[in-house]
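Colleague: Please read through the structure below; I'll follow up with questions.
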Amino acid sequence: MKRDILSVADMQNDLEDIIDLSIKLKKDRTIKFSEKKILGMIFEKPSTRTRISLEAAMEQLNGHAIYLSPKDMHLGDGETIADTARVMSRFLDVISYRAFDYKNVRELAKYSTVPVLNALDNREHPMQIVADFMTIMEKKHRLEGLKMAYIGDGNNMANSLLIGAAITGMDISVACPEHHDPDQDLLYRARDIALKTGSRIEIVRDPRTAVDSSDIVYTDVWVSMGEESEREKKEKAFKNFQVNEDLVDFADRNYIFMHCLPARRGLEVTDGVIDGIHSVVFDEAENRLYSEKGVIYTVLS
Ligand code: CP
Ligand code: NVA
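Numbered per this note's numbering, the sequence shown spans residues 134 to 434.
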């Protein structure tokens with residue numbers, strides 16, 4: 134049976150195995166597929182990290198990646214997602230999809246006979262989570278029992294971090310303004326998983342409460358791709374949610390600062406924090422390469 138990764142919850146039973154494999158693939162760059170594998174990557178939105186790391190990962194693994202924009206495919210002029218999936222499955226070994234609407238990623242996976250990887254949608258960003266938790270494992274040598282503070286918008290990153298934390302037994306405190314909470318269904322899902330792992334999950338309104346004694350301080354943009362028309366309104370709503378030098382003073386003295394990037398410097402994070410000694414954002418970005426190798430290797434084996 135093929136294995137899709139559409140949500141972090143699709144790695145509930147083996148997220149830590151995938152992280153271990155990714156760390157192994159980082160140490161040993163000679164590990165490759167015995168026969169060439171082809172990835173087709175549909176991107177409805179821009180990408181620096183995801184596109185480049187997926188292409189590089191496939192090249193290093195003795196594979197190849199094809200970049201596809203809906204503008205250049207019949208998907209963009211009316212061919213159904215179902216037919217697109219059926220056809221792509223005849224050519225490819227694995228498909229990644231960055232979409233505006235998570236329902237379209239699910240539709241593609243439903244009709245594809247090869248694995249589908251969610252390369253970010255409006256609800257989740259599961260591939261980023263593998264890189265993030267791999268980075269935490271490298272820096273802190275454990276996941277269970279740590280405390281993460283997520284400050285800002287209850288967006289796709291917040292949703293996926295909640296599920297990742299629940300799976301790994303990490304505590305997570307999300308600070309966001311009212312009306313910008315994480316997705317309710319995914320929050321319930323995270324809480325349900327947390328019942329088994331003991332992870333403590335809270336949503337708070339004061340960033341200082343979230344950051345208090347935290348091992349990891351995480352933020353993301355206030356305005357996600359596709360929400361540009363809400364910029365003015367959101368920047369007002371989030372003005373007290375900036376990760377700055379005063380806020381990180383509340384964190385554990387050995388805290389790490391993380392951001393999936395791209396960052397809007399001066400808005401959700403100051404230069405002082407993102408360029409400071411606690412920041413691991415570029416190691417985190419580098420790990421996209423190895424974690425993607427780990428994910429692709431897992432779904433193709
Ligand atoms: N973090 C991330 O997914 O970055 P890109 O949008 O550049 O792919
Ligand atoms: N929340 C951001 C993440 C970018 C990697 C967005 O969806 O634009």
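Backbone N, C-alpha and C fix where the C-beta goes; we use that ideal spot for every residue, glycine too.
(1) Identify, in the order they occur along the chain, each residue of the same chain with its Cβ nearer than 8 Å to the Cβ of Tyr235, setting aside the five sequence neighbours on each side.
(2) Would you grab the beta carbon distance between Arg182 and Phe176 for me? Rounded to a whole angstrom, and I think it's under 8 Å.
(3) Looking only at its own chain, which residues have a Cβ that is under 7 Å from the Cβ of Val428, when we skip the five neighbours before and after it?
(4) So is the beta-carbon of Met290 under 6 Å away from any non-hydrogen atom of the ligand NVA?
(5) Using 7 Å as the threshold, is the C-beta distance between Ser180 and Ser424 below it?
(6) Kindly identify the DSSP beta-bridge partner or partners of Glu282.
(7) Can Gly309 be considered in contact with the ligand CP, in the sense that its beta carbon sits closer than 6 Å to one or more heavy atoms?
(8) Return the first residue and the last residue of the alpha helix (DSSP H) that Lys159 is part of.
(9) When DSSP labels each residue in this structure, what does Phe415 get in the three-state scheme?
(10) Going by DSSP, name the residue or residues bridged to His312.
(11) Could you check how far apart the C-beta atoms of Thr268 and Asp404 are, in whole angstroms? I think they sit under 8 Å.
(12) Can Thr268 be considered in contact with the ligand CP, in the sense that its beta carbon sits closer than 6 Å to one or more heavy atoms?
(13) Assign Arg231 to one of three DSSP states: helix, strand, or coil.
(14) Can you have a look at His392 and say buried or exposed, based on whether 16 or more other CB atoms are within 10 angstroms of its CB?
(15) From Gln375, Val356 and Phe390, pick the residue whose C-alpha is nearest to that of Ser347; which is it?
(16) Under a three-way DSSP split, which group does Asn195 fall into?
(17) Let me know if Gly173 comes out buried or exposed under the rule of 16 or more other beta-carbons within 10 Å of its beta-carbon.
(18) Do the CB positions of Pro340 and Phe374 come within less than 7 Å of each other?
(19) Counting pairs of beta carbons, one from the stretch 299-307 and one from the stretch 355-369, are three or more of them closer than 8 Å?
Modeller: Answer, in terms of the structure:
(1) Leu139, Asn251, Asp254, Asn255, Arg256 and Glu257
(2) Not quite, the Cβ-Cβ distance comes to about 12 Å (not below 8 Å), so this is no contact.
(3) Ile138, Ile151, Leu250, Met260 and Val263
(4) yes
(5) no
(6) Per the sequence presented here, residue 282 reads as Ala, with Glu not at that position. Answer is Ser306 and Val350, bridged to Ala282.
(7) Contrary to the premise, residue 309 reads as Cys rather than Gly in this sequence. Flag unset: Cβ of Cys309 not near the ligand CP.
(8) Leu148 to Lys160
(9) helix
(10) Beta-bridge pairing links His312 to no other residue.
(11) Thr268 to Asp404, Cβ: 21 Å. No contact.
(12) no
(13) strand
(14) buried
(15) Phe390
(16) coil
(17) buried
(18) yes
(19) no
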